[in-house]
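Numbering (the numbering used here), first residue to last: 5 to 480.
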Amino acid sequence: MESLSTQLLVIGGGPGGYVAAIRAAQLGIATTLVEGGVLGGTCLNIGCIPSKALIHAAEAFEQARHQAAASPLGIRVAAPQIEIAQTVQWKDGIVRRLTAGVGALLKKAGVRVVPGWARVIDGKAVEVQGPAPESAGTGGAAATPGARIACEHLLLATGSVPQSLASMPFGGRVISSTEALAPQRLPARLVVVGAGYIGLELGMAYRKLGVEVAVVEALERVLPVYDEELTRPLRASLQRQGIALHLGCRVQGLNAAGDAVRVQDASGDAVELPADQVLVAVGRAPRTQGWGLERLMLDMRGATVRIDDRCRTSMRNVWAIGDLTGEPMLAHRAMAQGEMVAEIIAGQRRRFTPAAIPAVCFTDPEIVVVGRTPPEALEAGLDCITARFPFTANGRAMTLESTDGFVRVVARRDDHLIVGWQAVGRGVSELSAAFSQSIEMGARLEDVAGTIHAHPSLGEAVQEAAFRALGRAIHV
Ligand SMILES: Cc1cc2nc3c(=O)[nH]c(=O)nc-3n(C[C@H](O)[C@H](O)[C@H](O)COP(=O)(O)OP(=O)(O)OC[C@H]3O[C@@H](n4cnc5c(N)ncnc54)[C@H](O)[C@@H]3O)c2cc1C
């Protein structure tokens, strides 16, 4: 077995791990990254990027069908068809380009990439087993299977895995988001279990591709982490699109024939929902099993590795980032933590104290949440002003045929400091940068109201929400 040594050893080449490795190498730290699957992790291979590609394809198809049916725009096209295998190939092409790009960036930065599955021996050493042949595409430097690597710093970035249901384990018709992102054929009927963002994003995409979709959720609301006002336009859209919602319902498992999901509804009655496929999207669990984590005997917080505001674990020079450390399980959080850990190891004074971490649901309409919502502000004991500006009063939204939704701002009443932004509507994901910047920079309502926003743009609704909060809206 080959013996290697390095200053920083990163386990996992997802957005957390690869960003940490690149930044560390930029700062002159000898860095080795071990990846057992494909560089880019969940995000690039089976998460953010492929889901957004599929959503885009589904939207393009739905648009074509919409124009073919009765185009208000005067477009005349014949009824479109979709070849899903080609859609998947196109999506895979994007994934390949991005994952190869990560390999090239790591190489350029001078990171040694070791393909294979790491197993922790102790806080200063891991063993790496060679990768399975089909997952050898880690990009970077030459493969070193069967290596033992000694390190000064160990960074754990192993990510997360889809959570399964005891009553309906994965296999056969029961799939996770991973399989849902690579359909070779579309099912006629899909039951989605879980009305969180992954279930709804994929459920809506499948519906637009022509699949009959039913969503089952144990709680009484879709996207239950967000407030009712914010999710109302989404709920209306789900209804318009013909997605059957079964809220307050408990899944009991598949029926005896295996072709329907048995559900207990809110009043305790049993219902069977016919399903050619069942997508279980009830959350993700940190990947803590199977790689020797227990040998480190780290302090845990529930099922996640406990970290402090510098991403230090309870063992000196052992760090953890990303999904392994819990919510919010988002790629941009993992990346920001990774960059910070690299800088701390290089001797910089950093803490992970973002004013806000944006969250976007790429549903139709999209939802963006940055900072505190009105109920959260109330719960935190803040006296706040809340103002909404509807897209029905925004010219750009009209030209895009998407006037559903609004921008909402939450600001302290005393000094007008903005503590939260939320938006719901088509294309609002792109507003998340402006929202995050304004909160991180400590903007007040007057700052946003006094900034000239381009006309016509959805961004004008941001300025107008600030105007409205100050009691001087122009366009509503
Ligand atoms: C369908 C879906 C859609 C999503 N959409 C979004 C979105 O729009 N926006 C967003 O911000 N987030 C989204 N996410 C979440 C996002 O993908 C994760 O938050 C992010 O990938 C976490 O990054 P990470 O680096 O912590 O872990 P991961 O991306 O999970 O990477 C961990 C890596 O570690 C490797 N690994 C694990 N154990 C070992 C070992 N022992 N040895 C070697 N390698 C190992 C794995 O192979 C993997 O490549 C989505 C997730 C899913 C499933």
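Glycine residues also receive a C-beta, built at the ideal position from the N, C-alpha and C atoms.
- W323 has its Cβ no nearer than 7 Å to any heavy atom of ligand 1.
- By the C-beta criterion, the region 20-40 is judged to be in contact with the region 317-330, since at least 3 inter-stretch pairs fall below 8 Å.
- DSSP links H157 through a beta bridge to L12.
- When the beta-carbon positions are compared, V229 and C253 stay at least 8 Å from each other.
- Between ligand 1 and the CB of T162, the shortest heavy atom gap is smaller than 7 Å.
- The alpha-carbon separation between K95 and A104 amounts to approximately 14 Å.
- Cα atoms of A289 and F174: separation of roughly 14 Å, rounded to the nearest angstrom.
- Taken in chain order, the unbroken stretches of beta strand (DSSP E) that lie wholly in the region 275-361 and span 3 residues or more are 281-284, 288-290 and 322-324.
- Excluding five sequence positions before and after D387, the CB atoms of its chain that fall closer than 8 Å to its own CB belong to R416, R417 and D418, given in chain order.
- Annotation for A186: V92 place their beta carbon closer than 7 Å to its own, counting only its chain and skipping 5 residues before and after.
- Secondary structure at R27: helix, using DSSP grouped into helix, strand and coil.
- Within the DSSP bridge table, the entry for M445 names no partner.
- Nearest Cα to V267 within the set T396, V466 and H250: H250.
- The residue from G51, V196, G296 and R299 with its alpha-carbon nearest to that of A248 is V196.
- G257 is positioned such that its CB atom lies closer than 8 Å to that of M172.
- Less than 8 Å separates the beta-carbon of T367 from that of L238.
- Counting only runs of 3+ residues, the beta strand (DSSP E) found wholly inside the region 32-75 occupies 35-39, in chain order.
- Judged by the Cβ position, T46 qualifies as a neighbour of ligand 1 at the 7 Å threshold, a heavy atom of the ligand being closer than this.
- Taking 8 Å as the cut-off, the beta carbon of G429 is found no closer than this to the beta carbon of P362.
- In this structure V309 does not touch Q167 by the C-beta definition: roughly 17 Å separates them, more than the 8 Å allowed.
- If you ignore the 5 residues before and after A83, its C-beta comes within less than 6 Å of the C-beta of A72, all in its own chain and listed in chain order.
- Shown here, L421 sits in a strand according to DSSP, grouped into three states.
- Within the DSSP bridge table, the entry for R416 names C388 as partners.
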